[in-house]
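Some notes on the structure that comes next.
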Amino acid sequence: MSLRSVVLVAVGFAMAASCGLQSAQAIPPFLKEFQGKYTKPESEDPKDQEFAKLVNETTKCNVCHVKGKSKKERNAYGSELAKLLKKDNFKGDRLKAEPEKASAEIVAAFEEVAAKKTAGDDSPTFGELIVAFKLPGDFEPPKVADAPKPEPEPTPMPDSPAPAAESQPSGEADTAIAAVEQTGGTVMQLAQNDDSLVVDFHLGGTSLGDDGLAQVAKLPKVVQLNLKDTQITDAGLAHLAGLATLNKLHLEKTQVTDAGLEHLGGLANLEYLNLYGTAVTDAGLEHLKGLKNLRKLYVWQTQVSDEGIAKLKEALPEVTVVK
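The opening residue of the sequence shown carries number 1 in the numbering used here; numbering runs sequentially from there.
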């Protein structure tokens, strides 16, 4: 066993003792992978040593959780990871049976979250904080001094009722939302001031089949769709062809193949596509060459080859492919 492995194992035991039994059952695999990806305890660089000490000895649970609070309360970094990783998928039995697969799933989530902003548009990404030897969940936006409040102007009485500030969902959309939720999925606004929709089935809606995607197609302004672990096939992807606003699509561990990817060829705004654990091959990548905004593609545990990736990057030089 290498020195690095010895250090990480020892830290895992120490972290389990400090976080309590319940937390120790859930957190160690994530902390261990974080240590393995981002810390270098054996490095002679003082910055590497200090960051390893910060992660491994000083903070422990606080990589993903709020300092000084109940370990059930996640910080911003932990909250983003929780959207991608189901805690129940990383219990002891599975970690013993599929250690490499579980590790790859966690690392893929780290890489995705690393690209996200910690707060507003001007904030650093989580990955930029880590590169700067800071904990990814520690960022606090700078405080802005309170400006003097202007005197409110009198509001004139309108002659007739003013229109609603935001349009309400149509009757068809309401019906579609109800159908999605009945299947176990969720439909949420992207932000308080943004009525774009995020649709997610990977936690409670894994029984979703192809017919259920017909309801998703009726929803307006869908920008993110998570179909991980669902029962959809190539036929179901035909319902997604009209989602012109879609920019993020999770298809991990579904039954889609090369033929299904043809239905995605017109999604001009698609930036992220995850095909991990599917039957996709190099032939399927041909259907993606027209997606000029595609920036991130996951093809781990597929039949995609290095040669196929190279051909795709000739057409899409800005895409990052994780294999």
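Positions of the beta carbon are idealized from the N, C-alpha and C atoms, including for glycine.
Rounded separation between residue i and residue j - CA only
| i | j | result |
| --- | --- | --- |
| K134 | Y272 | 27 angstroms |
| L197 | L81 | 20 angstroms |
| G205 | T183 | 6 angstroms |
| G36 | F110 | 12 angstroms |
| L249 | A52 | 34 angstroms |
| E286 | P220 | 28 angstroms |
| A179 | T257 | 26 angstroms |
| K96 | K218 | 42 angstroms |
| A191 | E42 | 42 angstroms |
| S207 | K253 | 13 angstroms |
Contact set for residue i: own chain, Cβ-Cβ below 6 angstroms, skip 5 residues either direction
| i | result |
| --- | --- |
| L243 | V222 |
| G209 | Q231 |
| T155 | Model confidence at T155 stands at a pLDDT of 49, short of 50, so the residue's coordinates are unreliable and nothing is read from them. |
Beta-carbon contacts of residue i that lie in its chain and below 8 angstroms, excluding the five residues immediately before and after
| i | result |
| --- | --- |
| K313 | V319, V321 |
| L54 | F133, L135 |
| N247 | V223, Q224, N269, L270, E271, Y272, N293 |
| S160 | For S160, the predicted structure reports a pLDDT of 41, less than 50, and the residue's modelled location is therefore unreliable. The matter cannot be settled from this model. |
| E262 | H287 |
| A102 | P29, N89, F90, R94, L95 |
Per-residue DSSP class, three states only, for residue i
| i | result |
| --- | --- |
| L225 | strand |
| S275 | Note that residue 275 is Leu in the sequence shown here, rather than Ser. It is coil, neither helix nor strand. |
| S103 | helix |
| H65 | strand |
| A119 | coil |
| D194 | strand |
| V319 | coil |
| S305 | coil |
| V256 | coil |
| K296 | strand |
| Q231 | coil |
| D210 | helix |
| D138 | coil |
Residues near residue i by beta carbon distance below 7 angstroms, same chain, minus five either side
| i | result |
| --- | --- |
| A259 | D234 |
| K323 | V299, W300, V304, I309 |
First and last residue of the uninterrupted alpha helix (DSSP H) at residue i
| i | result |
| --- | --- |
| D282 | 282-285 |
| Q182 | 171-182 |
| Q49 | 46-53 |
| S43 | From DSSP, S43 is part of no alpha helix (DSSP H); its letter is neither H nor E. |
| G127 | 126-131 |
| R74 | That residue, R74, is in no alpha helix (DSSP H); it is neither H nor E in DSSP. |
CB contact below 7 angstroms: residue i versus chain C
| i | result |
| --- | --- |
| L85 | As a matter of chain content, chain C is missing from the structure shown, which is built from one protein chain. |
Enclosing beta strand (DSSP E) for residue i [first to last residue]
| i | result |
| --- | --- |
| L249 | 248-250 |
Supposed contact pair residue j and residue i - C-beta distance, whole angstroms, cut 8 angstroms
| i | j | result |
| --- | --- | --- |
| F201 | L227 | 6 angstroms |
| N75 | G137 | 3 angstroms |
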